[in-house]
């Protein structure tokens, strides 16, 4: 991130002395079934992965050996604060509304929302705008709602808001002010919160301001040691809170970002420094008799990668007498006149691994300025995508509408009113910044030659995929998850680990659920942890199809049947013991193939999910609002944005609800066209509702309502190569445990099994458009959000048998997954995963169907060709 010390508190400088005191390793309990008592989540600021393996780090490596290791995909761009908020809320930026560390405010003439001397940052840093208060649920709020208590220990706000007990470990830090360097004491720290970040006085008075560190002790080490001190201070009258969140700032930022890069021996010594302090925390838990029933989750907000080339993109456009700078200004001056652009047409915020470009027009961000804003944004994209900017990766550019084949904010889940109009990214081994102090030329560093520049905000594996260690009695021991997980999964996982304590905490507004495969007694697949674990991440990324080249499926399917069963919870089918007999045919079918236990729909509205299932994307040109969208957000890039708090019946946008129920063919194609191209006959059978509303009718060869297994068998006999979508069932009663509901499940399960039996040689996909209709008052029978947790099973040629995979899945993944199973040629990307390759647009790779930009192939389902 751009240094939060430099932005939130005027540039707090951390002394990074690497203590490396060699404290004895404190292990985890030998009894993996001990009742869960406490959860500690540790969120360390960014660094590269290689330093972890180079470091001695006995405590971290002990947690890995005694727990479950995963690699978590972070939010894009890969900056700290949106990821920290994601780790606390289980939402993506399109939910918590923090798309970057900082942004420019259209309402304030394109300056940072919080803009004071030495202090620029997004508005979330202000107490009254903190998303932990204003944008839905947080782990602190969820624990309190369940009758528990939470605590925060960390160097800085705003990640503590809502915790019951707050310790800010910032006393003794150095602050760069316009008047010189100041060493903070408690009174000054309180003043900064109250007067700069506008915290209410009672809130400030309730906080503990801890410090200073010992002489020669780093702030990094002190923060974890402070957490140990909090544990040691507990007693019977003042017990340790159920959940403790520790945020620790590594402080590699600066200009240049560091004096030694993102990895290497110097970083290894820093990791050993905080590992030593982690040993203090583990020792404190042991002394208090708490370690045996404490679960620890350890991760980074994002990663970093070394670079050796500068783009020198620039830091601002032209405004109020300020002359635009950098390579972007030069390109606009040279080529913009023909497009009607000059340096005053844009505003720029350079974040080093990405840069935010804004169309600087009157009334930007409002309907009155929307047309001009889109026009200027498109002209900026035309320049960016022309290749005129040396060192910029045009295949990564993001926009609201996908202009010229760019990626969309909606697909990356970073759309919202705070988002820029265009986000650009550098090529591998490049930073957008001007690293050399005097040299403006793009290319290799001419002055800063001794060390690489540690970049963040980009798309390298070292930025995107960070370690997630889950260790304690709730988790499996000594294993590796063979697929990435997502940062949005971490908060639900932490809360799920509290369940055995009786604190049944769930996030009401989380995007997804817990990482089930990591938990003891869950059937989700794990693999042996490599020894040494240095190659764990490449192994995971290759296994899941994010690190090419990808081997094709061993036995391509010649036919496909997608069975969409209305009204099925994943829990109802696979977890509920009272329904085991009724669900038995579905469980038996799943046992023959691969089941994805963490499949979550993005929307609760069935027509949206059905379209995503068939297209792999979402209509953004023009944007079609979803029923859950905030009706006030109508202008790109803020179009959509989840309404908070959610409407009682989840229909926040009546116009969006109605639009999805009108027959309108959306551009970009669907699986039906892709199947035609592959030589398959297409069919839509059964009790369909909205399936055909938004796809081209001409792409469907056979339509039959009320069809049964005999109709499917007839289709298979007449057309051996076919693609069929079969809709089964409809809205169901809220209860799943009365006799009528059990009989209904029994009938649905038998119908699905019979359909699968009539197409024995086909790739069969079984899923559900949603467990309940969007406005069902009896939704979420199995807990908050569970109406979006649906079964997903694949059976047939080339599919692995008897596997339960925890690979994160969504309906938008099905087009890429199905086409991969058919043997359609694919492409692979470290960020996008594997998808069916389509024609490039302006040099940017595109999927098939062209709308399928939101999903990727779930390769954990398939046996790869030798």
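Residue numbers (this note's numbering): 2 to 867.
Backbone N, C-alpha and C fix where the C-beta goes; we use that ideal spot for every residue, glycine too.
Buried versus exposed call for residue i [16 or more other C-beta atoms within 10 Å across all chains shown]
i	result
residue 442	exposed
residue 324	exposed
residue 1	This structure cannot speak to residue 1, because the chain is shown only from 2 to 867.
residue 109	exposed
residue 451	exposed
residue 522	exposed
residue 514	buried
residue 777	buried
residue 196	exposed
residue 388	exposed
residue 207	exposed
residue 867	exposed
residue 258	Reliability of the predicted coordinates at residue 258 is poor, the pLDDT of 46 falling under 50, and the value obtained from them is presented with this limitation in mind. The residue in question, residue 258, is buried, as its Cβ has 16 or more Cβ neighbours within 10 Å.
residue 337	buried
residue 803	exposed
residue 448	exposed
residue 699	exposed
residue 665	exposed
For residue i, three-class secondary structure by DSSP
i	result
residue 328	helix
residue 468	strand
residue 637	coil
residue 745	helix
residue 92	coil
residue 250	coil
residue 107	helix
residue 310	strand
residue 38	coil
residue 570	coil
residue 736	coil
residue 522	coil
residue 786	coil
residue 544	helix
residue 588	helix
residue 348	strand
residue 333	helix
residue 812	helix
residue 200	coil
residue 729	strand
residue 121	strand
residue 297	strand
residue 818	helix
Bridge partner(s) assigned by DSSP for residue i
i	result
residue 487	74
residue 829	835
residue 806	597
residue 871	There is simply no residue 871 to check, as the chain begins at 2 and stops at 867 in what is shown.
residue 847	839
residue 1	An answer regarding residue 1 cannot be provided, because it is not within the stretch 2 to 867 covered by the chain.
residue 116	121
Short CB-CB distance (under 7 Å) between residue i and chain B
i	result
residue 469	You won't find chain B in this structure, because it holds only one protein chain.
Taking 8 Å as the cut-off, does the region 753–773 touch the region 790–798 (at least 3 CB pairs, one atom from each stretch)?
Contact holds: three or more Cβ-Cβ distances are below 8 Å.
Do the region 528–543 and the region 473–491 touch if we need at least three Cβ pairs shorter than 8 Å?
Contact between the region 528–543 and the region 473–491 is present: 3 or more CB-CB pairs across the two stretches fall below 8 Å.
Minimum length 4: unbroken alpha helix (DSSP H) runs contained in the region 126–187
Unbroken alpha helix (DSSP H) stretches of 4 residues or longer found wholly inside the region 126–187: 132–135, 140–146, given in chain order.
Three or more beta-carbon pairs under 8 Å between the region 669–679 and the region 447–457, yes or no?
Under the 8 Å Cβ criterion, the region 669–679 does not count as touching the region 447–457, having fewer than three qualifying pairs.
Would you call the region 342–353 and the region 394–410 in contact, with 3 or more CB pairs under 8 Å?
Segment contact: the region 342–353 against the region 394–410, fewer than three CB-CB distances shorter than 8 Å; contact not assigned.
Looking at C-beta atoms only, is the number of pairs between the region 548–561 and the region 807–824 that lie closer than 8 Å three or more?
Cβ pair count under 8 Å is three or more, so yes.
Please give me, in chain order, every unbroken run of the beta strand (DSSP E) with length at least 3 that falls completely inside the region 369–445.
If only complete runs of 3 or more residues are kept, the region 369–445 shows the beta strand (DSSP E) at 423–425, in order along the chain.
Given 8 Å as the limit, is there contact between the region 271–280 and the region 49–69, that is, 3 or more CB pairs closer than that?
Under the Cβ criterion (8 Å, minimum of three pairs), the region 271–280 counts as touching the region 49–69.
Would you check if the region 841–860 and the region 406–413 touch, i.e. whether three or more CB-CB distances between them fall below 8 Å?
Yes, since at least three Cβ pairs between the region 406–413 and the region 841–860 fall closer than 8 Å, the two stretches touch.
Are the region 35–51 and the region 415–431 touching, with three or more C-beta to C-beta distances below 8 Å?
Note that the region 35–51 does not touch the region 415–431; fewer than 3 beta-carbon pairs, one per stretch, sit closer than 8 Å.
Contact between the region 351–371 and the region 635–650: three or more CB pairs below 8 Å?
With the cut-off at 8 Å, the region 351–371 and the region 635–650 touch.
Is it a yes or a no for the region 470–480 touching the region 59–73, going by three-plus beta-carbon pairs under 8 Å?
Touching, yes, given that three or more Cβ pairs across the two stretches are closer than 8 Å.
Three or more C-beta pairs under 8 Å: does that hold for the region 287–304 against the region 415–422?
With a cut-off of 8 Å, the region 415–422 and the region 287–304 do not count as touching, because too few Cβ pairs lie within range.
Below 8 Å, can you find three or more Cβ-Cβ pairs linking the region 89–97 to the region 127–145?
The region 89–97 vs the region 127–145: in contact.
Counting Cβ pairs, one atom from each stretch, are 3 or more of them under 8 Å apart for the region 661–672 and the region 613–625?
The region 613–625 and the region 661–672 touch, with three or more beta-carbon pairs separated by less than 8 Å.
Runs of alpha helix (DSSP H) wholly within the region 654–717 (minimum 4 residues, chain order)
Segments of the alpha helix (DSSP H) lying fully in the region 654–717: 655–660, 672–678.
Determine, using beta-carbon pairs with one atom in the region 829–841 and one in the region 515–534, whether at least three such pairs fall under 8 Å.
Put simply, the region 829–841 does not touch the region 515–534. Fewer than three CB pairs are less than 8 Å apart.
Counting pairs of beta carbons, one from the region 93–101 and one from the region 493–500, are three or more of them closer than 8 Å?
Put simply, the region 93–101 does not touch the region 493–500. Fewer than three CB pairs are less than 8 Å apart.
Contact between the region 777–790 and the region 743–751 is defined here as three or more beta-carbon pairs at a separation below 8 Å; is this criterion met?
Touching, no, given that fewer than three Cβ pairs across the two stretches are closer than 8 Å.
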